[in-house]
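**Q** Quick note on numbering: the UniProt record's numbering labels position 174 of the sequence shown as 174, and the sequence is numbered without any gaps. All C-beta atoms in this analysis are idealised placements derived from N, C-alpha and C, irrespective of residue type, glycine included.
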Amino acid sequence: MTTLPNRPNTALLVIDVQSGVMADAHQRDSVITNIAALIDKARTHDTPVIWVQHSDDHLTKGTDAWQYVPELTRHDSEPLVHKTYGDSFEDTDLEDVLAAAAVGRLIVTGAETDACIRSTIHGAFTRGYDVTLVGDAHTAPDQSAWGAPPPDQVIAHTNLYWQYHQAPGRTAAVTKTHDITFTHPATKAT
């Protein structure tokens with residue numbers, strides 16, 4: 001039910017699942033396994049898989065830490081969006097990539113929950129997208145030493161509030177990996 005006209009398609013966003021980002025991530029292996037399953041399912045349904053890759057002073061472009069984790073392999077035909085801000089839309093070509101594919105619904109996975117994931121789901125929703133957060137396919141490191149809750153609580157809280165997020169003409173949802181479908185909610189699931 002996106003507010004974006006002529007955007008009936010769905011895309012899977014894989015945000016910042018990079019070696020340096022995932023090194024100390026909560027439940028790293030299970031989250032990567034879930035993301036890999038979603039990528040396979042999206043490809044089977046000819047759903048675009050859009051990869052987002054962050055760089056900044058602490059995650060230098062071209063370094064091993066900047067690379068995607070070895071468990072996930074991007075196909076050359078799949079768009080790669082480079083970003084330097086938390087919101088994957090800010091100062092990137094993500095909107096152009098999604099518009100070219102007539103995407104109005106996003107399935108969001110990746111890291112970090114309380115930074116780039118949160119910024120991107122809000123950024124997408126504000127821009128008119130329907131946004132489904134995959135509840136067991138996003139993660140964060142433990143930043144409780146700096147006053148943050150433990151990562152399991154950050155993830156649980158994000159899942160809790162996002163499932164109730166509302167705005168006119170758009171839907172927000174939280175769904176587990178095994179329940180994700182790559183069809184628009186208004187169409188029959190496959």
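So, does the region 20-40 touch the region 82-101, judging by three or more C-beta pairs under 8 Å?
**A** Result no; under three Cβ-Cβ pairs closer than 8 Å.
**Q** On the CB-based measure, 16 or more other CB atoms within 10 Å of its CB, does Q166 come out buried or exposed?
**A** Numbered from 1 along the sequence shown, position 166 holds the residue referred to as residue 166. Classification of Q166: exposed, given that the 10 Å Cβ count is below 16.
**Q** Between which residues of its own chain and Q67 is the CB-CB distance below 6 Å, once the five residues before and five after are set aside?
**A** Sequence index remark: in the sequence shown, residue 67 carries index 67 (1-based). Correct list, in chain order: S19.
**Q** Rounded to the nearest angstrom, what separates D56 and F182 at their Cα positions?
**A** Counting from one through the sequence shown, the residue named residue 56 turns up at place 56. Counting from one through the sequence shown, the residue named residue 182 turns up at place 182. In a straight line, the C-alpha of D56 is about 32 Å away from that of F182.
**Q** Select from V31, F89, P70 and L59 the residue whose C-alpha is nearest the C-alpha of I50.
**A** Counting from 1 along the sequence shown, the entry for residue 50 is found at position 50. Nearest option by C-alpha distance: F89.
**Q** Quick check on DSSP: helix, strand or coil for W51?
**A** Within the sequence shown, residue 51 is the residue found at index 51, counting from 1. The answer is strand: DSSP assigns W51 an E or B state.
**Q** Using C-beta distances below 7 Å, list every residue in its chain close to N6, excluding the 5 sequence neighbours before and after it, in chain order.
**A** Counting from 1 along the sequence shown, the entry for residue 6 is found at position 6. Contacts found: A102.
**Q** How is the alpha helix (DSSP H) around H138 delimited, first residue to last?
**A** Sequence index remark: in the sequence shown, residue 138 carries index 138 (1-based). No alpha helix (DSSP H) holds H138; the beta strand (DSSP E) holding it covers D130 to T139.
**Q** State the start and end residues of the unbroken alpha helix (DSSP H) segment that holds R28.
**A** Locating residue 28 in the sequence shown gives position 28, where the first residue counts as 1. Run containing R28: R28 to T44, per the alpha helix (DSSP H) assignment.
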